[in-house]
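Asker:
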Amino acid sequence: MKSAEEGAAPGVTAPDPILRLEGLAKSFQGQRVLHGLDIAIGRGEFVTLLGPSGCGKTTTLNLVAGLLAADEGSIRLRGAVVNDVPPQRRRLGMVFQSYALFPHMTVAENIAYGLEVQRMPSRDIAHRVGAMLDLVRLPGVERKFPSQLSGGMQQRVALARALVTEPDLLLLDEPLSNLDAALRREMQQEIKRIQTALGVATLLVTHSQEEALTMSDRIAVMRGGRIERLGTPLEVWRDPRTRFVCTFLGDATVLEAVSDGTAFVAGPLHLTPASSAPAADTRRTLAFRPEHVRLDPPADAPNAALGLVREASFRGAHVACLLDCEGLAIQAVLPADPGGRLPQPGTPHRFAIPPDAVMLLDD
Ligand SMILES: Nc1ncnc2c1ncn2[C@@H]1O[C@H](COP(=O)(O)OP(=O)(O)OP(=O)(O)O)[C@@H](O)[C@H]1O
Ligand SMILES: [Mg+2]
1 MKSAEEGAAP GVTAPDPILR LEGLAKSFQG QRVLHGLDIA IGRGEFVTLL GPSGCGKTTT
61 LNLVAGLLAA DEGSIRLRGA VVNDVPPQRR RLGMVFQSYA LFPHMTVAEN IAYGLEVQRM
121 PSRDIAHRVG AMLDLVRLPG VERKFPSQLS GGMQQRVALA RALVTEPDLL LLDEPLSNLD
181 AALRREMQQE IKRIQTALGV ATLLVTHSQE EALTMSDRIA VMRGGRIERL GTPLEVWRDP
241 RTRFVCTFLG DATVLEAVSD GTAFVAGPLH LTPASSAPAA DTRRTLAFRP EHVRLDPPAD
301 APNAALGLVR EASFRGAHVA CLLDCEGLAI QAVLPADPGG RLPQPGTPHR FAIPPDAVML
361 LDD
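In this text, residue positions in the sequence shown follow my numbering: the first is 1, and each later residue adds one.
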């Protein structure tokens, strides 16, 4: 738990965060599902809760929204504890997985809803609704009903509805999971564009690594009701710190190794990390990503060994290889050279792992 807060990134220590959760805990039927969560989100910051199904992402979001009550810990919005403030008075925007638009209301009525509740004059409402529809790039659909719109359009309306009241915190729970892959990518960019344009702090929940990596300023990787790693996409990708975070974020070869004083040794592999030389007899879990493995490296490349190609499959943009290094299975992803031949199964190849690609993990 402590490691998540080490090297605190912007927003954790920010003097004036929009949202700060401290020691947030929640149980259902005596079963702990959140174990004292700590996180803060700065103004305009985009933070993602990333983790596998059941790790407590939606529960966290629902506690922030006020749809659930916390057992322990505090929720501060704009500095004030809001544990007992009802949802409609927390001044948040929310978008959930199911679009949850009112089916019997037109698009304009859906978007206007939050402003009607605030009793804004109708001329101002019409103006704001029009501006929101321009922002989400859906002009001219005011009079349509949700059922007349595609999934992507409905999600844009839901976003417009969440943002029309100009909240300074937007909560998004898997807002794109009902969309097909191409539309999901388009909407990721759209949400990011709108979020940046408005400067609205955003807390996104997803189990998609790609979504988290492309959209976030910081990612909180959750596991079993705890934040296991918190940092920028680059930080968590390059230095995941635990085996779980490393393999949840992407493919990796993970090895148990013992130091001989200059390198970590795992079978025939001698790996020197970019960081200082390990003390002799240190046991560590090491990992490296397939795209960092070099095939047929220069003769003087560090961290080189000989492997036998077991599989090589052409994937268009790249070639995925499985190398056997005296019983160690090494995954490699190679750029597909124009006109180049695929490595042939059964042939020996030297390979190397650049020192700065060697990740040291705690178990
Ligand atoms: N109302 C509830 N009653 C009982 N248990 C619940 C309730 N809501 C959630 N849980 C349990 O709490 C845990 C966390 O659930 P939560 O919905 O927060 O997970 P999640 O990370 O959002 O998962 P997913 O990716 O599947 O949406 C799960 O084990 C879930 O079964
Ligand atoms: Mg969920």
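Each residue gets a CB set at the ideal place from its N, CA and C atoms; glycine is no exception.
In this text, all values refer to a predicted model and were calculated from it rather than measured experimentally.
Please enumerate, following chain order, all residues with a beta carbon closer than 7 Å to at least one heavy atom belonging to ligand 2.
Answerer: K57, T58, D173, E174 and V205
Asker: With a threshold of 8 Å, are at least 3 pairs of Cβ atoms found where one atom belongs to the stretch 289-300 and the other to the stretch 346-354?
Answerer: When Cβ pairs closer than 8 Å are counted between the two stretches, the stretch 289-300 is seen to touch the stretch 346-354, the count reaching three or more.
Asker: Count the other CB atoms within 10 Å of the CB of F288; is the residue buried (16 or more) or exposed (fewer)?
Answerer: Your numbering for residue 288 matches position 288 in the sequence shown. By the 10 Å Cβ count, F288 comes out buried.
Asker: By how many angstroms is the C-alpha of E211 removed from the C-alpha of I194?
Answerer: For the purposes of this step, residue 194 is identified with residue 194 of the sequence shown, where counting begins at 1. For the purposes of this step, residue 211 is identified with residue 211 of the sequence shown, where counting begins at 1. Each residue's alpha carbon lies about 16 Å from the other.
Asker: Please indicate yes or no: does the CB of Q209 lie closer than 8 Å to some heavy atom of ligand 1?
Answerer: Within the sequence shown, the letter at position 209 stands for residue 209. Not under cutoff, so the answer is no.
Asker: Looking at ligand 1, does it come within less than 8 Å of A222, judged from the CB to the closest heavy atom?
Answerer: Residue 222 sits at position 222 when you count from the first residue of the sequence shown. Looking at the sequence itself, residue 222 is Met, so the reference to Ala does not match. Yes; taking the cut-off as 8 Å, the Cβ of M222 has a heavy atom of ligand 1 nearer than that.
Asker: Just to confirm my understanding: we take L149, look at its own chain, exclude 5 residues before and 5 after, and list those with CB closer than 8 Å. What are they?
Answerer: Along the sequence shown, read from residue 1 onward, the residue named residue 149 stands at position 149. Non-local C-beta neighbours of L149 in its own chain, meaning closer than 8 Å and more than five positions away in sequence, comprise V107, V141 and V157, ordered along the chain.
Asker: I need the straight-line Cα distance from D356 to R119, nearest angstrom please.
Answerer: As a working note, residue 356 is residue 356 in the sequence shown. As a working note, residue 119 is residue 119 in the sequence shown. Using only the alpha carbons, I get a separation of about 58 Å.
Asker: Taking C-beta to C-beta, are R241 and A257 nearer than 9 Å?
Answerer: As a working note, residue 241 is residue 241 in the sequence shown. As a working note, residue 257 is residue 257 in the sequence shown. In this structure, A257 does not lie closer than 9 Å to R241 by Cβ.
Asker: Are the Cβ atoms of L179 and A160 separated by less than 9 Å?
Answerer: The residue given as residue 179 occupies position 179 in the sequence shown. The residue given as residue 160 occupies position 160 in the sequence shown. No, the Cβ-Cβ distance between L179 and A160 is not below 9 Å.
Asker: Which stretch, first to last residue, makes up the alpha helix (DSSP H) that contains L138?
Answerer: Numbered from 1 along the sequence shown, position 138 holds the residue referred to as residue 138. Unbroken run through L138: none, as it is neither H nor E.
Asker: Am I right that G250 and L171 are in contact with their C-beta atoms under 8 Å? What's the rounded C-beta distance?
Answerer: Taking the first residue of the sequence shown as 1, we reach residue 250 at position 250. Taking the first residue of the sequence shown as 1, we reach residue 171 at position 171. Not quite, the Cβ-Cβ distance comes to about 26 Å (not below 8 Å), so this is no contact.
Asker: State the DSSP-derived secondary structure class of R78, mapped to helix, strand or coil.
Answerer: Here residue 78 corresponds to residue number 78 of the sequence shown, with the count starting at 1. Note: R78 maps to coil in three-state DSSP.
Asker: Cβ of S276 within 8 Å of any heavy atom in ligand 1?
Answerer: The count along the sequence shown starts at 1 and reaches residue 276 at position 276. Answer for S276: no, Cβ out of range of ligand 1.
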